Every structure is written in C-alpha cells, then in structure tokens.
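These notes concern the structure reproduced below.
In our numbering, the protein residues as written are 186 to 647.
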C-alpha cells in the first residue's frame, strides 16, 4: 500500500488568506460604495448647477430682443457648456458645438418636449450628435423658443475606472499590511496553543473554542489509562494463571511419575501394584479435571460460547440432568442432592448453563460431610422478569471476608481439604464467568459452620 499523505495546513497561511480576502473585499466594496455615492452626489450638484445656468441664460435672453438671441448666446456661452437655441417648431437656431444648419429638427428631444409643456426640464441621455452621455437643462423663453444647456458627463463605470489606480495602490498597501499583521496575529494566537500541556488537558488556560477538543483529549487519555490498566491486569492474571496451572499440574505429574518409576523398576510388591495403579489413575483423573476446567475458562475468556447463539434454556431441566450425572458421586460421598422449584427459561447456551450448575452442585457435594445435603431451587418471577437459582449446602461454610475471593481462579478456602477432595480451584471461577455470559448476577451467603448458599439471578427469556 502507498503511504498515507496528510494535507498540512499552515495556520499563518490560513490567517493571512482569510484576513487578506476580508480586507480586500472591504476595500473594494468600500471603494465602489463611496465612489458611487460621490458620483451620485456630484451629478446631483451638476444638474442643479446646470439648471441654474439655464435659468440665468433664459432671463438674459428674455431681456434681449428675440432677433439678438443668437448673437447674445454666441457672446455668452462657456467653452465647457454647450448652448443650443431651439425654435418653437424644433428648428435649431444656434448651437455652440455644431453648425446649426447641419442639425436636424429637435422637436422630438425629450427635454425640449418637457420644457415646452412645463417650462423647464433636466435630463440625462445619450447624445447621438456627440456620441456621449450628456446632461441637458432646457428652459422655455417668453417667445416660445427653448434655450438648452448641455454638458458631457462621465458614466458611473467610467468614473469607477478613473478610481482604479488609487484603489489598486490601496490594495497593494493593504496586502503588505495584512502580511505583517497576519504574522504578528499568528504568533499571538499560537502562543497559548504552543504552551498546551496535553498531559493535563483540562488544566490549560486556552480559548474556550478549544474546550471540546481538550475535553475529548482528556476523555481519550483516561480511556487509554483505563485500558492500559485493564491490559496490565489481564497480563498479570494470565501470568498468574499460567503459573498456577503449572503448579497445580506439577504435583499429580510428580506422583504419577514417581509411582510409575517404582513400578517400572519392579520395586512394588505384586500385592501393592493395584494400589499404586489406583493412585496413578486418581492423579490422572485430577489432571484431566484440571485440563477440562482450564479449557472451559479459556473458551469463556474468548467468548467462544457466543458462537452457539442465544436459545431458550430451561434451568430446572438442566438442574435435574446435572443431578442425575452427579448421583453416583453424591452417593459415594454420602450427600443427598435435591432439585426443587419449577420451570424457568432464560436465553443463553445450554452447554454453558449445564457447566455452571454442574460446578455448583459438585462443589456442594465435594465440600460437605457425610449425611449432608445439597438443595437447588429454581423459580421464575414473571412480574420481575427474573429467574432465580439458589444452591444451598450443609458444608463447613465460608468466612465473610472471603466471599469475594471464592470466585478467583485457584482460590481455595481450605487448601489442604481441597487437595484431599480433588478440587481444581477453578469451579467457581467458571460459574461466575458463565453467569456473566448470561447477563446474570451471583451472590454468596455463608458463615463458618452454617453452610453456604449461592444465589443466581438471570433475566427471563422473552
């Protein structure tokens, strides 16, 4: 696979780009807006001034004999203002910018028509004659003719074009200023970020916008610490388990090896051979039980039983089946086993449920006295949606301070007695794992000399 490429984004570049784009946008928008406002204001003033000049020209011409109007205009017109004298029928009598004889009839001009009706008019339109945008101010004279003043004006786009150079100069200056400011701003912003203590994310004094990130980092660190602690604990348990298994297997192997060596070297009397073979058999059986329990725990640790899927399991039926399997063992120990209660169905693994109940009843038989009893009661509480299994024995009991430890692997309340009875020390560890696999709980009620009761609770199957 090709290496992953990460897209690196520079904070200073991001700030520079953002500030520059914002600044340029503001400058351009402000320049266009102010130029437009200035243009419109300037044009309004120009219209008022041209209209006033037209009124002055009209007063002057009204005071002059009509025959002298054209010569009077020729004397008075300004070089920047175009004067036109138009007869009442639209004929051009005089024009300061063109030969009046070459001009067509102006009766159709909007400013001429409006002045003829209302006495005066001011308008902006395109001049066909001069091919420019032109401002016109027309006033009707006493004799019915029209005097019209006009000035060529810049359009808004043209006016904006004239402002292009100063705007570009301002933009260049802004780019230089933004570059300097963005560097300083980046350093200022990055200073508290560079000083972040990621070992203690919530102790940093930083921008509130970074709080969600720091909270997330803190949560992840706590999760990692917890996971590391759990991994370390699991590793310790694995080492302890391996050490305990080795230790537990060493004794029966030594016994088997020793007796076998004696028999091999013909150092056992013929009358004792059966006794030695029985001892070897018992130790082999103990090893087989230990191996079976270890394999069961390994499956539970790996959740291998989940592959079976959840199916309805009747705990009362399983208990009766287990009691039948242990009947000969119970008779040999002189212990009575009774199954009481009624059907209670849970969702889970029948194999696992059988292993769980088998270990509880077997423990009750193994750690008991002749003439004692083991009673398993199964009941279903539909209202609470719960199945309850209680296993009570008449054994020696468990001290209260050891109630939590009995579920640890290879833990024995009485190590010497456990060896005598053949217990592996894994039975209750298997029970607890199986209970948890079925989303249940287990509780110990016991005291020295008063026997032991295990209480298991499971959610009923739908």
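Glycine residues also receive a C-beta, built at the ideal position from the N, C-alpha and C atoms. Computed from a prediction, not measured in an experiment: that's the story for all the values here.
Exercise for the section: Below 8 Å CB to CB, which residues in the same chain sit around residue 457 once its five sequence neighbours on both sides are set aside? Expected result: Position 272 of the chain shown, counted from the first residue, corresponds to residue 457. Around residue 457: no qualifying Cβ.
Handout entry: Where residue 546 sits in the DSSP three-state scheme
Key = By 1-based counting over the chain shown, the position of residue 546 is 361. The DSSP-derived three-state label of residue 546 is helix.
Practice task
Return the CA-CA distance between residue 489 and residue 477, expressed in angstroms with no decimal places.
Solution key: One-based indexing of the chain shown puts residue 489 at position 304. One-based indexing of the chain shown puts residue 477 at position 292. With a pLDDT of only 46 at residue 489, under the threshold of 50, the placement of this residue in the model should not be trusted; the figure read from the coordinates follows. The alpha-carbon atoms of residue 489 and residue 477 are separated by roughly 15 Å.
Problem - C-alpha gap between residue 359 and residue 208, whole angstroms - result: Here residue 359 is taken as the residue at index 174 of the chain shown, counted from 1. Here residue 208 is taken as the residue at index 23 of the chain shown, counted from 1. Those two C-alpha atoms are separated by around 7 Å.
Exercise for the section: Confirm, please, whether the CB-CB distance from residue 348 to residue 249 is below 7 Å. Expected result: Here residue 249 refers to the residue found at position 64 of the chain shown. Here residue 348 refers to the residue found at position 163 of the chain shown. It is not a contact, given that the beta carbons lie outside the stated cut-off.
Handout entry: One or two residues paired with residue 504 in a DSSP bridge
Key = In the chain shown, the residue the question calls residue 504 occupies position 319. Listed as beta-bridge partners of residue 504 by DSSP are no residues whatsoever.
Exercise for the section: Please classify residue 534: does DSSP put it in a helix, a strand, or coil? Expected result: As a first step, residue 534 is located in the chain shown; it is residue number 349 there, counting from the start. Three-state DSSP puts residue 534 in coil, outside helix and strand.
Practice task
With DSSP collapsed to three states, give me the class of residue 571.
Solution key: Translated into the one-based positions of the chain shown, residue 571 becomes position 386. It is a strand residue.
Practice task
Could you give the DSSP three-state label for residue 492: helix, strand or coil?
Solution key: Numbered from 1 along the chain shown, position 307 holds the residue referred to as residue 492. In this prediction, residue 492 has a pLDDT of 44, which is less than 50 and means its spatial position is unreliable; what the coordinates show is noted afterwards. The answer is helix: DSSP assigns residue 492 an H, G or I state.
Problem - Length-filtered (3 minimum) beta strand (DSSP E) runs lying within the region 273-304 - result: Within the region 273-304, the complete beta strand (DSSP E) segments of 3 residues or longer fall at 277-280, listed in chain order.
Problem - Contact between the region 628-637 and the region 565-584 (3+ Cβ pairs under 8 Å) - result: Yes: the two stretches touch, three or more of their Cβ pairs being nearer than 8 Å.
Problem - alpha helix (DSSP H) segment containing residue 613, residue limits - result: One-based indexing of the chain shown puts residue 613 at position 428. That run of the alpha helix (DSSP H) goes 612-622.
Exercise for the section: Keeping to the same chain, check which residues put their C-beta closer than 6 Å to that of residue 498; ignore five residues upstream and five downstream. Expected result: Counting from one through the chain shown, the residue named residue 498 turns up at place 313. Excluding residues within five positions, the ones whose Cβ falls inside 6 Å are 531, 533, 535, 538.
Practice task
Starting from the C-beta of residue 495, find all residues in its chain whose C-beta is less than 8 Å away, skip the five residues before and the five after it, and write them out in chain order.
Solution key: Counting from one through the chain shown, the residue named residue 495 turns up at place 310. Hits under 8 Å: 532, 533, 534.
Handout entry: Given residue 334 as reference, the closest of 328, 228, 322, 206 once Cα atoms are compared
Key = By one-based count along the chain shown, residue 334 stands at place 149. From the listed residues 328, 228, 322, 206, the smallest Cα separation to residue 334 is found for 322.
Exercise for the section: From the DSSP output, read off the bridge partner residues of residue 643. Expected result: The count along the chain shown starts at 1 and reaches residue 643 at position 458. According to DSSP, residue 643 shares a beta bridge with 572.
Exercise for the section: Quick one: using the 10 Å Cβ neighbour count with 16 as the cut-off for buried, is residue 623 buried or exposed? Expected result: Translated into positions along the chain shown, residue 623 becomes position 438. When all chains shown are included, residue 623 counts as buried.
Exercise for the section: Evaluate residue 271 with the Cβ neighbour count: other Cβ atoms within 10 Å of its Cβ, from every protein chain shown; 16 or more gives buried, anything less gives exposed. Expected result: Mapped onto the chain shown, residue 271 falls at position 86. Label assigned to residue 271: buried.
Practice task
Below 8 Å on the Cβ atoms is my guess for residue 386 versus residue 402; work out the distance and round it to an integer in Å.
Solution key: Mapped onto the chain shown, residue 386 falls at position 201. Mapped onto the chain shown, residue 402 falls at position 217. Between residue 402 and residue 386 the Cβ distance is about 5 Å, and since that is below 8 Å, they are a contact.
Exercise for the section: Could you tell me whether the region 286-298 touches the region 230-249, where touching means 3 or more Cβ pairs closer than 8 Å? Expected result: Not touching, per the Cβ criterion.
Practice task
Answer with buried or exposed for residue 244, where buried requires no fewer than 16 other C-beta atoms within 10 angstroms of its C-beta.
Solution key: Translated into the one-based positions of the chain shown, residue 244 becomes position 59. Classification for residue 244: exposed.
Handout entry: Secondary structure of residue 216, DSSP reduced to three states
Key = By 1-based counting over the chain shown, the position of residue 216 is 31. Residue 216 falls in the helix class under three-state DSSP.
Practice task
State the DSSP-derived secondary structure class of residue 266, mapped to helix, strand or coil.
Solution key: By one-based count along the chain shown, residue 266 stands at place 81. It is coil, neither helix nor strand.
Problem - Secondary structure of residue 373, DSSP reduced to three states - result: Taking the chain shown and counting its residues from 1, the one referred to as residue 373 is at position 188. Correct three-state label for residue 373: helix.
Exercise for the section: Tell me, to the nearest whole angstrom, how far the beta carbon of residue 555 is from that of residue 518; I am working on the premise that it is less than 8 Å. Expected result: In the chain shown, residue 555 corresponds to position 370, counting from 1. In the chain shown, residue 518 corresponds to position 333, counting from 1. With a Cβ gap of about 7 Å, residue 555 and residue 518 count as contacting.
Exercise for the section: Give the DSSP-derived three-state secondary structure of residue 602 in the structure shown. Expected result: On the chain shown, residue 602 is found 417 positions in, with the first residue counted as 1. Low confidence applies here, because residue 602 scores a pLDDT of 46, under 50, leaving its location unreliable; read the following figure in that light. Per DSSP, reduced to three states, the secondary structure at residue 602 is helical.
Exercise for the section: Count the other CB atoms, across all protein chains shown, that sit within 10 Å of the CB of residue 553; report buried if there are 16 or more and exposed otherwise. Expected result: Your numbering for residue 553 matches position 368 in the chain shown. Residue 553 should be labelled buried.
Exercise for the section: Would you give the residue range spanned by the alpha helix (DSSP H) that residue 517 belongs to? Expected result: Counting from 1 along the chain shown, the entry for residue 517 is found at position 332. Here the alpha helix (DSSP H) through residue 517 covers 512-518.
Practice task
Could you round the C-beta distance between residue 277 and residue 269 to whole angstroms and report it? I think they count as a contact, below 8 Å.
Solution key: In the chain shown, counting from the first residue as 1, residue 277 sits at position 92. In the chain shown, counting from the first residue as 1, residue 269 sits at position 84. About 6 Å; that satisfies the 8 Å criterion.
Exercise for the section: May I have the straight-line CA-CA distance separating residue 546 from residue 455, to the nearest angstrom? Expected result: Residue mapping note: residue 546 aligns to position 361 of the chain shown, counting from 1. Residue mapping note: residue 455 aligns to position 270 of the chain shown, counting from 1. Residue 546 and residue 455 have their alpha carbons spaced roughly 39 Å apart.
Practice task
Could you check the C-alpha separation between residue 290 and residue 338 for me, to the nearest Å?
Solution key: Taking the first residue of the chain shown as position 1, residue 290 is located at position 105. Taking the first residue of the chain shown as position 1, residue 338 is located at position 153. The alpha-carbon atoms of residue 290 and residue 338 are separated by roughly 24 Å.
Handout entry: Pair within 7 Å by beta-carbon distance, residue 389 and residue 398
Key = Reading the chain shown from its first residue, position 204 is the one you call residue 389. Reading the chain shown from its first residue, position 213 is the one you call residue 398. For the pair residue 389 and residue 398, the CB atoms are not nearer than the 7 Å cut-off.
Exercise for the section: Check whether the Cβ atoms of residue 550 and residue 520 sit closer than 7 Å, and answer yes or no. Expected result: In the chain shown, counting from the first residue as 1, residue 550 sits at position 365. In the chain shown, counting from the first residue as 1, residue 520 sits at position 335. Yes, the pair counts as a contact, with Cβ atoms nearer than the cut-off.
Exercise for the section: Give the DSSP bridge partners of residue 577, in chain order. Expected result: Looking up residue 577 in the chain shown gives position 392. According to DSSP, residue pairing for residue 577 in a beta bridge involves 560, 638.
Practice task
My understanding is that residue 332 touches residue 305, with C-beta atoms under 8 Å, so please give their C-beta distance in whole angstroms.
Solution key: Your numbering for residue 332 matches position 147 in the chain shown. Your numbering for residue 305 matches position 120 in the chain shown. That pair is no contact at about 10 Å.
Practice task
Assuming residue 246 and residue 336 form a contact by the criterion Cβ under 8 Å, report the distance between their Cβ atoms to the nearest whole angstrom.
Solution key: Locating residue 246 in the chain shown gives position 61, where the first residue counts as 1. Locating residue 336 in the chain shown gives position 151, where the first residue counts as 1. No, residue 246 and residue 336 are not in contact; Cβ-Cβ is about 19 Å, not under 8 Å.
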